[in-house]
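Residue numbers for the sequence shown follow the working numbering, so the first one is 1 and each next one is one higher.
First the structure, in the form of structure tokens, and then the observations on it.
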Amino acid sequence: MTSIVPTESAKVTGPKVRTSPARNGRPAHTAPAALAPRARLFPSLAAVYRAQLSRARVARIPLLFVATFQSVGIMVLMRGVVDGGAEARAVVAGSSVLVVAFVALNLLAQYFGQLRAGGGLDHYATLPVPPAAVVLGAAGAYASFTVPGTIVTAVAGSALFGLPMTHLWVLVAVIPLSGAALSGLGAALGLLAPRQEVATLLGQLGMSAALLLGVLPAERLPGPVGWARDLLPSTYGVEALARSFDAHPDWAVVALDLAVCAAVGVLSLAVATWAYRRAAVR
Numbered sequence: 001m002t003s004i005v006p007t008e009s010a011k012v013t014g015p016k017v018r019t020s021p022a023r024n025g026r027p028a029h030t031a032p033a034a035l036a037p038r039a040r041l042f043p044s045l046a047a048v049y050r051a052q053l054s055r056a057r058v059a060r061i062p063l064l065f066v067a068t069f070q071s072v073g074i075m076v077l078m079r080g081v082v083d084g085g086a087e088a089r090a091v092v093a094g095s096s097v098l099v100v101a102f103v104a105l106n107l108l109a110q111y112f113g114q115l116r117a118g119g120g121l122d123h124y125a126t127l128p129v130p131p132a133a134v135v136l137g138a139a140g141a142y143a144s145f146t147v148p149g150t151i152v153t154a155v156a157g158s159a160l161f162g163l164p165m166t167h168l169w170v171l172v173a174v175i176p177l178s179g180a181a182l183s184g185l186g187a188a189l190g191l192l193a194p195r196q197e198v199a200t201l202l203g204q205l206g207m208s209a210a211l212l213l214g215v216l217p218a219e220r221l222p223g224p225v226g227w228a229r230d231l232l233p234s235t236y237g238v239e240a241l242a243r244s245f246d247a248h249p250d251w252a253v254v255a256l257d258l259a260v261c262a263a264v265g266v267l268s269l270a271v272a273t274w275a276y277r278r279a280a281v282r
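Quick look at the structure:
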């Protein structure tokens, strides 16, 4: 026997939804729910930094080895040309900061160029995080890999050229400030480059400029090249570290060099943030 169930008894009771009354015979639509507020800068920065750090952890040892081996090899080659004095201080300081330039400038330009070419910026654009958090988080993660290599290079260079290691604690300020300046420049080059290959080329050219203008003593550079050296963000970190090798460093001048390096770092990171916004909306 087949029983017929009334339509009214088959209705499933569920949660009541408030709707506005119908107007002109048409059902009114409910108002859309408000979006959640955007994440704050510092929690977003910490999250992006941890994510980038874990992503690049696999390649950490090869990066450290290549960057450190390159800088130590340059100092060994320059040992046959430079005996000591101000030139030796410039070689050791420039080679130490070159580790930062290799990772923060060269590799970060390649990373953001690849991220833009592969559509990775679309993923970050959908996240409710400020653009500055993405740029600063990636820059901080890449710059963190330079700490061991920079310390090893500075210690090895001091022993190679017979320089005092008393004031090597200056690296505590030189590494993050130089890393911020070079990371901002590398991120801007990668985001503004029209193609991934151009971003790679610009990153390598920037690292070559840091090598030639940072390692070679400033007294031996021609006038126009010396002016280009003054425009390089890492120059002031090199100068601060080189002055710390003196028996009695002029700490006022060292602090001034570090302040200029910090100002350049803020400016370069601001440009990189603007470049990220520009690339994300395209």
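Glycine included, C-beta positions come from ideal geometry on N, C-alpha and C.
In angstroms with no decimal places, state the Cα-to-Cα distance between residue i and residue j.
i    : j    : result
V174 : G119 : 34 Å
V264 : A181 : 6 Å
Y124 : R116 : 11 Å
V92  : L213 : 13 Å
G226 : G80  : 24 Å
L205 : F145 : 21 Å
L269 : G85  : 35 Å
A36  : P43  : Low per-residue confidence applies at A36: pLDDT is 48, beneath 50, and the placement is therefore not dependable, though the value from the model is reported in the following sentence. Answer to the nearest angstrom: the Cα atoms are 16 Å apart.
Can you tell me whether DSSP reads residue i as helix, strand or coil?
i    : result
L205 : helix
V238 : helix
A283 : The structure shown does not extend to residue 283, since the chain is modelled only from 1 to 282, so the question has no answer here.
R40  : coil
S244 : coil
V99  : helix
Are the Cβ atoms of residue i and residue j separated by less than 9 Å?
i    : j    : result
S244 : L136 : no
G190 : G113 : yes
P233 : L185 : yes
V76  : F102 : no
Q70  : V48  : no
L108 : Y142 : yes
L171 : I151 : yes
I74  : V253 : no
A280 : D122 : yes
Taking residue i and residue j to be in contact with their CB atoms under 8 Å, please state how far apart those CB atoms are, rounded to whole angstroms.
i    : j    : result
L64  : P148 : 6 Å
A188 : V271 : 5 Å
A88  : S183 : That pair is no contact at about 28 Å.
R229 : A218 : 6 Å
A133 : L45  : 4 Å
G203 : Q110 : 5 Å
(request) Kindly confirm or deny that the stretch 150 to 159 and the stretch 196 to 211 touch, where touching means at least three C-beta pairs closer than 8 Å. (result) no
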